[in-house]
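Colleague: To start, I am sharing the structure in question, which I have written as structure tokens.
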Amino acid sequence: MTRLVNRDRSLEELEHDRWSVPSGGETRLMATVRELRGRPIGGLTVEDMRLLIGQNVGLAHLLPLAVEVLRIDPLVEGDMYEGDLLAAVLTSSAEVWSEFPALEQKVRLIVSELADVPPALKGQVDGFLAP
């Protein structure tokens, strides 16, 4: 069963974990991830979700939101390319999917209904659907 997600809370609040700035500084990517973790998840854009999911951050809270978006538009695009959110979701590890089997089934259904898989997604789709 999919868990209900409080969209008014940030990942920091939902996970009870605030990340501090490392003393040696951080990359631009990690600074962005840290900043996004402080925003209410209901206000995250497709690009924000793509970036966080791609970094394996907040998956328990973000995968259900991403699947909602993908059900409406499987090839929705953040800032990279058509279907980039789906690509981020599909590259989540087998361990993640073992924790969320209902979400995995929803993603399998979404992917199986794609009429034309863009070349940029072909490898991820094939890997996800492989037994």
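Residue numbers (the numbering used here): 57 to 187.
Ideal Cβ placement from N, Cα and C applies to all residues, glycine included.
Everything numeric in this text was worked out from a predicted model, so none of it was measured.
1) Within its chain, find whatever has a CB closer than 8 Å to the CB of SER66; leave out the 5 residues flanking it on each side and keep chain order.
2) Taking ALA176 as the reference, which of GLU138, ALA158 and ALA150 has the closest Cα?
3) Let me check understanding here. Comparing Cα to Cα, which of ASP129, PRO130, VAL145 and VAL132 lies closest to LEU118?
4) Assuming GLU71 and GLY114 make a contact with CB atoms under 8 Å, what is their CB distance in whole Å?
5) Closer than 7 Å by C-beta to TRP153: which residues in its own chain qualify, once you throw out the five before and the five after it? Chain order, please.
6) Rounded C-beta distance between VAL132 and VAL102? I'm assuming under 8 Å.
7) Rounded to whole angstroms, what is the Cα-Cα separation between ALA171 and VAL125?
8) Is the beta carbon of PRO130 less than 8 Å from the beta carbon of LEU142?
Modeller: Quick answer:
1) ARG93, GLY94, ARG95, PRO96 and ILE97
2) GLU138
3) VAL145
4) 7 Å
5) GLU160
6) 5 Å
7) 18 Å
8) yes
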